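Protein chains in written order, with this note's numbering: chain X, 1 to 306; chain B, 307 to 612; chain Z, 613 to 918; chain F, 919 to 1224.
Working notes, structure below.
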């Protein structure tokens, strides 16, 4: 149950079987940091290639393909006070041709925000709009994390899949536990792409991009094969489907929740259909990245006592 | 500001320019009832052809094409104690082939529920599963309502579009105000398909199907052209996109919210992009019907004071 | 086996259970004409409301729901020498945002073409481009035809479905036989929206829009239920799926062809999968209309002798 | 203009920056072979891990990121007489639930074929169906080839993207020239996954999988940036979009063809829209793999003389 302080020096633009930066045991905690999506650190210095550069990978001793990795995010906290964000909604999220017909539509504009972690607020600094210095509560999260995928793939941190990756789901905040399938020895866990806050769907293609101090703890579940990332909050179990179109992301997330209820929690199949059918909730992770993300949730309180 | 009590005798399987059953004034309230999706009334009698038969249409005096209809749902309350519901998740919501590989998967099973409007609960009566007599809180809503569409169309109540229709969005509950584009003289408002409760996404293809007592009030907004249904709750404004795939429903809902912020609430375009980009929320209406439904929401408290 | 000459006077913007303009017998032939998509006739006069106005409906004596209508297109021939066509590719067929980034991109431009039915050519008259007076061979077809749909629907001639409608498939040319499911007594057959030629996919949203002289013959197949439009050419059988997204149109067309091979031509199921799996061909009807159209084809010569 | 004979010994399950097996010059020809999708060679021996193992990569001297690689397939010829193929259409290509309702539907059945390269035929050996020993003409092609992608990715040979990959387009046959964007020094060209023949759309998820003798020649086009694979046959230019859903594959292919006409062939933008709009043809590559493939084609004879 060691506690490791790890200062990252190398960053990765793909999630793959890269050399481990630290070997840890199940039960250990890691205190580390992530740079922002553009590769800037706590001081604003460019220290990595832009495009969701990742801290890691962390090798979990004993992890084998077919096991499941549990990662509890104990802390996700901005470590500087400036965030940048896209100021325009992506064309693909709007009706085809809509932006072409709006001469005043913002094109790839950038907004700057001041982040106050004491007040837990973000204040719009620029551009100058009718919103003035809009103040929003922050809700820090990690847009991208995951484990090395199968068959030796090295997958761009722009996209996501069964291994996790750039899911851009704002539900991955501190206090949440994530579960990931393990494809390689040691699992090889990566993390990065912090957002001080993000709209549901990430329709601008960004959150308030910022570097983070992160603390996480890991556990191993042997031979607990899962097909897609899962998670648990105080109130919910959830499953994550990453694909295009959104319909297919829904299919993956819903099927994975049905497996959880039936295969893992041993609910009979008909019961699982009814429970999920009438208690399911969905969150939209992102509708911007190369793979979209949909999340299927079930309230823990309605689960039958085991 | 009259209050009409209207007992329906004819029901419609399409939303179109059918003869009005009642003419009302803007500001009036109508107290009426709807049969369930299968055409059964408060006593369980089959009085209409199955397939979301609609009460109406109500002709709103003065309504002209290009105006906007406001409908406030004052009351949506089950008027009997039995509901039926599909007990199996639709194949299209799960990974292709998943159900084929599950020999025990429920196939078009039906669940029966007891609905207690005093306790505001629904209790599972059958089939017999590990859930036993699962009790869920009810949350009554209307799955299908709308106005006569343009160019003389008569659109099946199985599907939805700019005119409303079978949106199966559980956010259309009592207390909510809906806004609809008007395509024909008198608007011609229809309603039906009550659900005592429905899971998000309506992944089984049904809610707890039940007949309802409904009270609603109407208002007219001249020359207030909108493209898709809109709504307002105590806390949110929302817009509704009805299409396949889900991505396109997201495009319609998001574009319509951008129009609301920019064209109607007069926020500058860049401000509208930023506000929506970082405060948007999405609900999944349904991923089952011929047209899916996605809802884009914005919290009213973050809107700039006008 | 009568031959009817029918001059249309009323035109319909929906395909539905409208009053029949002519009652004919199975085996009969009809010689008639269609106006162009904008409602202009052979003389260029505006005689109908724009939006694919339809000639008909023709009532086929003896047709009952559950029967199948056979329509052989004996002749589809432009009856004037001017056609108009969109000169710009629709935004939805291009990468999101692509057109916004092309300042010179044509926006809703219109092209005029001279059609020479003797030479069987179309010559570009305007606008002025590097193509000059581009000459293309004509290939006349009907973009929209179908029968009255079920449950009393009146479906816009902008879209398509199991009943046919605005499929905009350039394979519906003279010499082709179409098969349609029958939903109402008399079938009620409509036709219109002629194109002197059309690109595959109809990516501009139009063909060379022109009025047509049409001759067609009908036959009835009692209790020969089909789910989607089918067709036959000299060389191929084909099935037509109408839906969004394109994937779903593929699903409908492929499933319908499997039914044809297995249910109707009595091929064993495994044989049907193999034959279709390795001999299927696909045409893209349109990727523009509210419902897209994909066509699954199978060469007749590879069908086992019955 | 050397001619290299290369016998592969290592095979790759990803397309990425793996060590080059041979360095060649622009203008050179390579005579080599590929194993089948399951990793079996000309003698039927298992020599590679199943899953479209690739021969290569070939390093093209002088190739730089931003250049374009030209690969002419001079010969693609089966080098054994046995092929295996899936005998069942994939569930995702059929209506959801269709297969569940067909008790006799084939489930993951395998067909064996005898391939006669002299007669240029494939004969069905098993399973036993009403097709008997169906004989089809062979049409050998490569399902998967491509170059190392950007940012150090190693992309599974199950899928495809801008770098090529598992496109499963039957138009990549001998005589065709392919063009690929170059992302890394030396380009690093891979090839494999031969099909003796394949149905359009690859709806069973396989072709007649077989090992091949392949001869190809390469050329370099400096600073000729393209976004997606392109190709040329005797009669057509074509562009390839790889994505889900099919609509998005259409968008990529169509946009890339517009760039070819406008940016490279210097047709004015309006002319390019009209030419493509009325002369486009589409082929369906595959509707099975993680990324689908659509191909946009334009007949060379209608291009304006430069």
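Heads up, the beta-carbon is just placed ideally off N, CA and C, and yes, glycines get one too.
If you're wondering where the values come from, they're calculated on a predicted model, not measured in any experiment.
{"Query": "Those residues which DSSP pairs with residue 54/X across a bridge", "Result": "12/X, 192/X"}
{"Query": "Check whether residue 1175/F and residue 1194/F have beta carbons under 7 Å apart", "Result": "yes"}
{"Query": "C-beta contact flag for residue 87/X and residue 110/X at 7 Å", "Result": "yes"}
{"Query": "Euclidean distance between Cα positions of residue 36/X and residue 1101/F", "Result": "25 Å"}
{"Query": "Limits of the alpha helix (DSSP H) - the one that residue 565/B falls within", "Result": "552 to 565"}
{"Query": "Opposing strand residues paired with residue 1103/F [DSSP bridges]", "Result": "For residue 1103/F, which the question treats as bridged, DSSP gives no partner whatsoever."}
{"Query": "Option in 520/B, 592/B, 531/B with minimal Cα separation from residue 570/B", "Result": "531/B"}
{"Query": "Contacts of residue 119/X in chain F (Cβ-Cβ under 8 Å)", "Result": "Chain F residues near residue 119/X: none, gap ~37 Å exceeds 8 Å."}
{"Query": "Per-residue contacts from residue 1073/F into chain X (C-beta, under 9 Å)", "Result": "153, 154, 155, 156"}
{"Query": "Partners in chain X for residue 711/Z, counting only beta-carbon separations shorter than 8 Å", "Result": "97, 100"}
{"Query": "Chain Z contact residues for residue 1057/F, given Cβ-Cβ distances below 8 Å", "Result": "What residue 1057/F touches in chain Z: nothing, since even the nearest Cβ is about 10 Å away."}
{"Query": "Closest residue to residue 966/F among 1116/F, 981/F, 1110/F (Cα-Cα distance)", "Result": "1110/F"}
{"Query": "Residue 636/Z (DSSP reduced to helix, strand or coil)", "Result": "strand"}
{"Query": "Residue 658/Z, buried or exposed, once every other Cβ within 10 Å from all chains shown has been counted against 16", "Result": "exposed"}
{"Query": "Reduced DSSP secondary structure (H/G/I, E/B, other) of residue 697/Z", "Result": "strand"}
{"Query": "Distance CB(residue 765/Z)-CB(residue 320/B) smaller than 7 Å", "Result": "yes"}
{"Query": "Contacting positions in the stretch 546 to 574 of chain B - beta carbon closer than 9 Å to chain Z", "Result": "549, 550, 551, 553, 554"}
{"Query": "Meets three-Cβ-pair contact criterion under 8 Å: the stretch 853 to 868 of chain Z and the stretch 1147 to 1164 of chain F", "Result": "yes"}
{"Query": "Chain X contact residues for residue 593/B, given Cβ-Cβ distances below 7 Å", "Result": "247, 250"}
{"Query": "Segments of 3+ residues assigned as beta strand (DSSP E) that fall wholly inside the stretch 137 to 162 of chain X", "Result": "141 to 147"}
{"Query": "Top-ranked residue by Cα proximity to residue 840/Z, from 827/Z, 680/Z, 811/Z", "Result": "680/Z"}
{"Query": "3-residue-minimum beta strand (DSSP E) runs that sit fully inside the stretch 822 to 862 of chain Z, ordered along the chain", "Result": "824 to 833, 842 to 844, 848 to 855"}
{"Query": "Own chain, CB closer than 8 Å to residue 339/B, minus 5 neighbours either side, in chain order", "Result": "313, 314, 347, 348, 361, 385, 517, 518, 519, 520"}
{"Query": "Residue 583/B (DSSP reduced to helix, strand or coil)", "Result": "helix"}
{"Query": "Delimiting residues of the beta strand (DSSP E) encompassing residue 610/B", "Result": "From DSSP, residue 610/B is part of no beta strand (DSSP E); its letter is neither H nor E."}
{"Query": "Sub-7 Å separation of residue 977/F and residue 1104/F beta-carbons", "Result": "yes"}
{"Query": "Residue of 983/F, 1150/F, 1059/F, 1178/F minimising C-alpha distance to residue 1140/F", "Result": "983/F"}
{"Query": "Run of the beta strand (DSSP E) containing residue 921/F, from where it starts to where it stops", "Result": "921 to 923"}
{"Query": "Coarse secondary structure for residue 960/F, derived from DSSP in three states", "Result": "coil"}
{"Query": "Beta-carbon gap between residue 547/B and residue 559/B smaller than 7 Å", "Result": "yes"}
{"Query": "Residues within the stretch 680 to 705 of chain Z neighbouring chain X, beta-carbon criterion of under 9 Å", "Result": "702, 703, 704, 705"}
{"Query": "Reduced DSSP category for residue 1126/F - H, G, I as helix; E, B as strand; rest coil", "Result": "coil"}
{"Query": "Length of the line joining the Cα atoms of residue 163/X and residue 237/X", "Result": "18 Å"}
{"Query": "Neighbour list for residue 505/B in chain X, Cβ cutoff strictly below 7 Å", "Result": "277, 278, 279, 280"}
{"Query": "Under 7 Å by beta carbon: chain X residues contacting residue 321/B", "Result": "Near residue 321/B there are no residues of chain X at all, since even the closest Cβ is about 23 Å away, more than 7 Å."}
{"Query": "Meets three-Cβ-pair contact criterion under 8 Å: the stretch 92 to 102 of chain X and the stretch 117 to 127 of chain X", "Result": "no"}
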